[in-house]
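Residues in the sequence shown are numbered from 332 upward in steps of one, following our numbering.
Ideal Cβ positions, reconstructed from N, Cα and C, are used throughout, including at glycine.
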Amino acid sequence: MVLRRILFQLLVITIMKYAKGQNSDNSSTEIPLLDNQNMPLVALFDTTKLNEVLGAAIKKTVEDTMNEMIPRIKQAVIVDIGYEPGRVKERPAFTASLTSTQNFGGNGVVIFDKVWLNMGRAYDHETGLFTAPKMGLYSISTTVMSNYNSYLHCDLWKNNEKLVRAFGNDLSTGTLNVVMALKMNDTVYVKHLYSDSEYIYGDQRSTFSGYLISE
332 MVLRRILFQL
342 LVITIMKYAK
352 GQNSDNSSTE
362 IPLLDNQNMP
372 LVALFDTTKL
382 NEVLGAAIKK
392 TVEDTMNEMI
402 PRIKQAVIVD
412 IGYEPGRVKE
422 RPAFTASLTS
432 TQNFGGNGVV
442 IFDKVWLNMG
452 RAYDHETGLF
462 TAPKMGLYSI
472 STTVMSNYNS
482 YLHCDLWKNN
492 EKLVRAFGND
502 LSTGTLNVVM
512 ALKMNDTVYV
522 KHLYSDSEYI
532 YGDQRSTFSG
542 YLISE
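Here it is as C-alpha cells:
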C-alpha cells in the first residue's frame, strides 16, 4: 500500500514536470500523450485540489508507517533493557508453574514452563533457572507435587550448591520457603533428585517463585 502511494506521488510529480502549460487559475494542466499510432494528443487534467489530495495522501502514509513502527520500537526497547519503561524501580519477581506431569531424570533441572509473572525477566522458562539481576535478599519458594503411588524428591540449588529438599508421596506436596542472599548473576533452581518412576505432577500443581525483598 505504501509503495502504491509513493508510485502515485511520483506519477503526479512527473505529470507536473512535463506539463506543456497550465491555466492561470491553476485549475488544469495539459499533458502530452501519444495515441496508438504515435500521434500527439493532449489530455486535460483537473488540478484544482491536487495539493489537498497530495497532502492528505502524504499525511496518511506517514501516520500508517508510524503506527506500524511504534509497537515494534517499544518491544525492542523492552527486550534490550529488560523491563518496561516506567517500571525501573519495580523489584524483580517471578512465578512459574508446571503444566504437565513429567520426569526430569536424575539431577535434572525442573523446568516450570508456564510463566505467570516475570518482572525483570530474570526467570528463564526454557532452562528453569532464576538469575538474580541485582544483589540483595531474596525470598524463594517452591512447591512440588508427587504423582500417583510414587515418591518425589526435589532439591533447591544455588549456583552449584544444594540447599534444602522437598519430599512428596502419592499426590502429596512438598514446599520450601527460604530467604537467601544473592549476588548479581547468582542462579537458583530446582532439581529432580531421582529418575526411577518419580514424576512431578503438573496441571499447575507444582510451582516456583521468588522476589527481591531488599537490596
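Give me the Cα-Cα distance between Thr473 and Lys493, rounded to the nearest whole angstrom. So the two alpha carbons sit approximately 14 Å from each other.
Measure the alpha-carbon distance for Gly533 versus Ser545 and round it to whole angstroms. CA-CA distance, Gly533 to Ser545, rounds to 32 Å.
Once you ignore the five residues that flank Ala453 on each side, which residues in its own chain have a CB closer than 8 Å to its CB? Here Ala453 has Pro423, Phe425, Phe461, Thr462, Ala463 and Pro464 as same chain residues with Cβ atoms under 8 Å from its own Cβ, once five neighbours each way along the sequence are excluded.
Once DSSP output is grouped into helix, strand and coil, what is the label at Gly386? Helix.
Counterpart residues of Gln535 in DSSP-defined beta bridges: Answer by DSSP bridge pairing: none, since Gln535 is not bridged.
Could you name the residues of the same chain whose beta carbon sits closer than 6 Å to that of Asn434, not counting the 5 residues immediately before and after it, in chain order? Cβ neighbours of Asn434 beyond the five flanking positions: Tyr530.
Tell me the rounded alpha-carbon separation between Ser528 and Phe498. Distance between the alpha carbons of Ser528 and Phe498 is about 14 Å.
Reference Ser537; option with closest CA among Lys522, Ser526 and Leu543: Nearest in C-alpha terms to Ser537, of all of Lys522, Ser526 and Leu543, is Lys522.
Cα-Cα separation between Met515 and Leu483, rounded to whole angstroms: Distance between the alpha carbons of Met515 and Leu483 is about 31 Å.
8 Å CB neighbourhood of Asn438 in its chain, flanking five on each side removed: Around Asn438: Lys522, His523 and Leu524.
Buried or exposed for Leu429, please, with buried defined as at least 16 other CB atoms from any protein chain shown within 10 angstroms of its CB. Under this definition Leu429 is a buried residue.
Buried versus exposed call for Lys476 [16 or more other C-beta atoms within 10 Å across all chains shown]: For the record, residue 476 in the displayed sequence is Met; it is not Lys. Per the 10 Å Cβ criterion, buried.
Using the three-state DSSP reduction, which class does Thr430 fall into: helix, strand or coil? Coil, per DSSP.
Around the C-beta of Asn478, are 16 or more other C-beta atoms found within 10 angstroms, so that it is buried, or is it exposed? Asn478 is buried by the Cβ-count criterion.
Which term fits Ser540, buried or exposed, when burial requires 16 or more other beta carbons within 10 angstroms of its beta carbon? Buried is the call here.
Note the first and the last residue of the continuous beta strand (DSSP E) segment covering Arg496. Per DSSP, Arg496 belongs to the beta strand (DSSP E) from Glu492 to Asn500.
Whole angstroms are fine: how far does the CA of Pro402 sit from the CA of Val519? Going by C-alpha positions, Val519 is about 33 Å away from Pro402.
Please go through the same chain and pick out, in chain order, the residues whose beta-carbon is closer than 6 Å to the beta-carbon of Glu457, but skip the five residues on each side of it. If we look at Glu457 and ignore the five residues flanking it on each side, it has no Cβ neighbours.
Beta-carbon proximity list for Ser355, same chain, < 8 Å, skipping 5 on both sides: Unreliable placement is indicated for Ser355, whose pLDDT of 47 sits below 50; the coordinate value is still reported in the next sentence. Taking C-beta separations shorter than 8 Å and ignoring five residues to either side along the sequence, Ser355 has no partners in its chain.
Expressed to the nearest angstrom, what Euclidean distance is found between the alpha-carbon atoms of Val446 and Glu421? Roughly 18 Å between the two C-alpha positions.
Just verifying my parser: in three-state terms, what is the DSSP assignment at Met466? Met466 falls in the coil class under three-state DSSP.
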